[in-house]
Amino acid sequence: MEEKMQTPPFFFIQMSDVQFGMFAADQDLIRESCLFEQAVAHANRLGPAFIIFTGDLINEPADESQTAPALRIAQNLDKDIPLYWAAGNHDIGDVPTPKNLDWFRSRLGPDWYSFDTRRCHFIVLNSCILQNDELVPGQMQKQLDWLKHDLEHCQTQAYHHIIVFMHHPLFLDDPGEEDQYFNIPRRNRRTCLDLFKKHHIKFVFAGHLHQNRLAFDHCLEMVTTAAVGMPLGTDPSGFRIVEVHPRHLAHRYYGLDELPHRIELALPE
Numbered sequence: 043m044e045e046k047m048q049t050p051p052f053f054f055i056q057m058s059d060v061q062f063g064m065f066a067a068d069q070d071l072i073r074e075s076c077l078f079e080q081a082v083a084h085a086n087r088l089g090p091a092f093i094i095f096t097g098d099l100i101n102e103p104a105d106e107s108q109t110a111p112a113l114r115i116a117q118n119l120d121k122d123i124p125l126y127w128a129a130g131n132h133d134i135g136d137v138p139t140p141k142n143l144d145w146f147r148s149r150l151g152p153d154w155y156s157f158d159t160r161r162c163h164f165i166v167l168n169s170c171i172l173q174n175d176e177l178v179p180g181q182m183q184k185q186l187d188w189l190k191h192d193l194e195h196c197q198t199q200a201y202h203h204i205i206v207f208m209h210h211p212l213f214l215d216d217p218g219e220e221d222q223y224f225n226i227p228r229r230n231r232r233t234c235l236d237l238f239k240k241h242h243i244k245f246v247f248a249g250h251l252h253q254n255r256l257a258f259d260h261c262l263e264m265v266t267t268a269a270v271g272m273p274l275g276t277d278p279s280g281f282r283i284v285e286v287h288p289r290h291l292a293h294r295y296y297g298l299d300e301l302p303h304r305i306e307l308a309l310p311e
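In the working numbering, the protein residues as written are 43 to 311.
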């Protein structure tokens, strides 16, 4: 009991796909600005342990006219709330280029990395180069080698959970489904799934679809989260709140007009 009381439950927020410029086909940023401002204000009120943004901050790759206004709004986030970025295909291109990778890394930070919070380990991957690395040869293997090393290191630690974030879902409905625009190609998908199974990863969170979707590969839950920005289905603009308990996770997507006043977390088991 003493050990559990030292790691009380917490929650984080997953945002995705505000995609500055999408609503008006890059003619203005009005609707995205309004929605992102709402999302940041809600986050400041709720006070998560951190926010993970799973890709597509902007609509046109490496476009500073879209990036600068988006980051100005992001700077309104409470300084006590860490904000982590993942690369999306609209950030660095459907076929990432060295120039766009360099832009992301200089503007938003590393495109694959990990961090620890409250005895949990979080891994952020660049799914764009898992999807297509034709113009950045060697980057996919470098990332996979890093991922294997990071997961092996995790085995020496007493983490409650190891959780993965990326932009593209590994799969939408079935781990063996055909390759398409919205998933990771089967060869690379299988490599990741085998690694995650070996290291007992139970949750992967992604975006990209602009709709919510939930699918499974045995014990692994593939969670696809709808957009802060323009919806492409019936799910409203919003974000996901993920509660982290020592033995389980609970998550729910909220539209920006549906969010609770506060998050009530149960005591540790």
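Note that CB positions come from ideal geometry on N, CA and C, so glycine has one too. Keep in mind it's a predicted model, so treat the numbers as computed, not measured.
What did DSSP end up calling residue i once you bin it into helix, strand or coil?
| i | result |
| --- | --- |
| Phe146 | helix |
| Asp236 | helix |
| Asp68 | coil |
| Cys261 | coil |
| Ile204 | strand |
| Arg304 | coil |
Exposed or buried, which one is residue i when buried takes at least 16 other CB atoms within 10 Å?
| i | result |
| --- | --- |
| Leu143 | buried |
| Gln117 | exposed |
Please confirm whether residue i has its beta-carbon closer than 8 Å to some beta-carbon of chain C.
| i | result |
| --- | --- |
| Glu176 | Among the chains of the structure shown, chain C does not appear; only one protein chain is present. |
Within its chain, find whatever has a CB closer than 7 Å to the CB of residue i; leave out the 5 residues flanking it on each side and keep chain order.
| i | result |
| --- | --- |
| Asp68 | Asn101 and Glu102 |
| Ile243 | Ile204, Val206 and Leu262 |
| Gln56 | Ile94, Thr96, Phe247, Thr267, Phe281, Arg282 and Val284 |
| Phe146 | Ala129, Asp133, Ile134 and Asp153 |
Identify, in the order they occur along the chain, each residue of the same chain with its Cβ nearer than 8 Å to the Cβ of residue i, setting aside the five sequence neighbours on each side.
| i | result |
| --- | --- |
| Phe65 | Ile72, Arg73, Glu74, Gly271 and Met272 |
| Phe245 | His203, Ile205, Val206, Leu262, Glu263, Val265 and Leu291 |
| Ser156 | His163, Phe164, Ile165, Val166 and Asp192 |
| Gln80 | Leu298 |
Mind checking which residues open and close the alpha helix (DSSP H) that includes residue i?
| i | result |
| --- | --- |
| His84 | Ile72 to Leu88 |
| Glu194 | Gln181 to Cys196 |
| Thr109 | Glu106 to Ala116 |
| Asp133 | Asn131 to Ile134 |
At the level of alpha carbons, what is the spacing between residue i and residue j?
| i | j | result |
| --- | --- | --- |
| Glu311 | His210 | Any reading at Glu311 must be qualified, since the residue scores a pLDDT of 49, below 50, and its modelled position is unreliable; the value itself is stated next. Taking the straight line from one Cα to the other gives about 33 Å. |
| Pro51 | Ile283 | 13 Å |
| His293 | Glu285 | 6 Å |
| Lys121 | Val60 | 21 Å |
| Leu119 | Ala110 | 15 Å |
| Asp70 | Gln181 | 34 Å |
| Lys312 | Trp154 | Outside the shown range of the chain (43 to 311) lies residue 312, about which nothing can therefore be said. |
| Asn86 | Val137 | 35 Å |
| Gly89 | Arg304 | 9 Å |
| Ser169 | His260 | 21 Å |
Whose C-beta lies closer than 6 Å to the C-beta of residue i among residues of the same chain, with five residues either side of it excluded?
| i | result |
| --- | --- |
| Asp231 | Per the sequence presented here, residue 231 reads as Arg, with Asp not at that position. Same-chain partners within the cutoff: Leu212. |
How is the beta strand (DSSP E) around residue i delimited, first residue to last?
| i | result |
| --- | --- |
| Leu172 | That residue, Leu172, is in no beta strand (DSSP E); its alpha helix (DSSP H) goes Ser169 to Gln173. |
| Ser156 | Tyr155 to Thr159 |
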